[in-house]
Amino acid sequence: MKQLHAAFHFLRHLLISKKRGHGVHSPFVYQFIKEVIDSKDQYYIFEDIESLRAKLLLTTQEINVTDLGAGSRTTSNNKRSIQSIAKNTLKPKKQAQLLFRVANYFQPKKSLELGTSFGLSSLYLSQFSSNNQLFTIEGCPNIAKVARLNFEKLNAQNINSIVGDFSQTLPGILQKFGSIDLIYFDGNHTEKATLEYFEMCYPYIHNNTVFIFDDIYWSRGMTKAWTKIKKDPRVTVTVDTYHLGFVFFRKEQPKEDFTVYH
């Protein structure tokens with residue numbers, strides 16, 4: 029059923045999405061589309077991170093997995109190969125590199141990621157500069173261990189890896205930050221959890237904070253959560269690229285929702 033739900037919304041997205049900024053009258057969103065979503069720019073770090081992906085996809089070593097989120101769509105076994113986990117959980121190259129372009133465009137100083145996996149998205153979100161700090165939370169200790177090794181391989185000293193349940197670890201991190209520039213929500217893909225994390229993080233936003241929600245059409249529950257977030261009166265602008273949903277709180281912007289091809 030989840031696959032059918034995702035396929036239906038993908039076809040719908042192809043039909044209604046705006047391409048290359050056509051029909052977008054908001055200067056802020058138009059620039060975001062042209063300079064970020066439609067960008068084909070390549071950066072030196074891309075090759076380094078993708079080299080890590082290639083190695084993970086060849087690693088047959090098995091690890092015990094603690095899943096605190098919505099679970100895997102493919103298996104419920106506690107013991108899985110790194111190869112299998114990488115294949116099923118890592119963001120595809122195109123989407124992962126969009127995360128880098130978003131971070132590079134907005135230049136956040138304080139970022140947060142819910143759901144580290146093997147750390148590739150963490151690297152894409154943080155390695156645009158060394159003058160920023162990323163906290164990333166992972167529920168599974170063994171997966172976080174692999175991620176930390178990947179951070180060491182690229183000497184990514186601005187990433188802080190934390191193991192724990194999101195609901196328990198989030199409050200302390202948010203209080204430490206005080207305010208936050210960018211949050212990437214990529215874990216526990218349920219409606220209830222997604223809305224709970226949104227509410228927990230909201231008090232720490234400022235006018236230019238960016239929220240990024242992953243897999244907004246992964247399930248009916250995720251799509252319901254995304255729809256509720258779009259309708260929230262505190263949200264001014266959303267950009268839906270199908271795989272990712274971007275949320276902005278800019279008070280100078282009229283409330284609008286954009287569906288954009290990527």
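Everything in the sequence shown is counted per the working numbering, starting at 29 for the first residue and increasing by one.
Ideal placement from N, C-alpha and C gives every residue a C-beta, glycine not left out.
Because the structure is a prediction, the values reported are computed rather than measured.
query, result
"Should E75 go down as buried or exposed, given a rule of 16 or more other Cβ atoms within 10 Å for buried?", "exposed"
"Looking only at its own chain, which residues have a Cβ that is under 7 Å from the Cβ of E219, when we skip the five neighbours before and after it?", "G249, M250, K252, A253"
"Let me check understanding here. Comparing Cα to Cα, which of Q111, I211, F146, I190 lies closest to T237?", "I211"
"Have a look at Y289 and P136 and give me their C-alpha separation to the nearest angstrom.", "24 Å"
"Runs of 4 residues minimum, wholly inside the segment 191 to 241: which ones carry the alpha helix (DSSP H) assignment?", "194 to 205, 219 to 229"
"Count the other CB atoms, across all protein chains shown, that sit within 10 Å of the CB of K119; report buried if there are 16 or more and exposed otherwise.", "buried"
"I'd like to check one pair, I240 with L272: are the Cβ atoms closer than 7 Å?", "yes"
"I'd like to know if the segment 62 to 80 and the segment 147 to 161 are in contact, where contact means that at least 3 CB-CB pairs between them fall below 8 Å.", "yes"
"Give me the Cα-Cα distance between V275 and N235, rounded to the nearest whole angstrom.", "11 Å"
"According to DSSP, is K119 helix, strand or coil?", "coil"
"Helix, strand or coil, according to DSSP, for S139 in the structure here?", "strand"
"My output table needs one value for N188: the three-state DSSP class, helix, strand or coil.", "strand"
"Tell me which residues share the same chain as K30 and place their Cβ nearer than 6 Å to its Cβ, disregarding the 5 neighbours each side in the sequence.", "S247"
"Look up T287 in the DSSP assignment and give the residues it is bridged to.", "D268"
"Could you give the distance in angstroms between the alpha-carbon of Q196 and the alpha-carbon of Q185?", "24 Å"
"Residue range of the beta strand (DSSP E) that F163 falls in?", "161 to 166"
"Could you give the uninterrupted runs of the beta strand (DSSP E) lying entirely in the segment 66 to 94, keeping only those of 3 residues or more?", "90 to 92"
"Please classify K115: is it buried, with 16 or more other beta-carbons within 10 angstroms of its beta-carbon, or exposed?", "exposed"
"I believe F60 touches V267 by the beta-carbon criterion, under 8 Å. Please report the beta-carbon distance rounded to the nearest angstrom.", "7 Å"
"Nearest CA to the CA of D242: which residue from F213, K259, E224?", "F213"
"Where does S54 fall in DSSP's three states?", "coil"
"Distance check for T269 and L32, CA to CA, integer angstroms please.", "18 Å"
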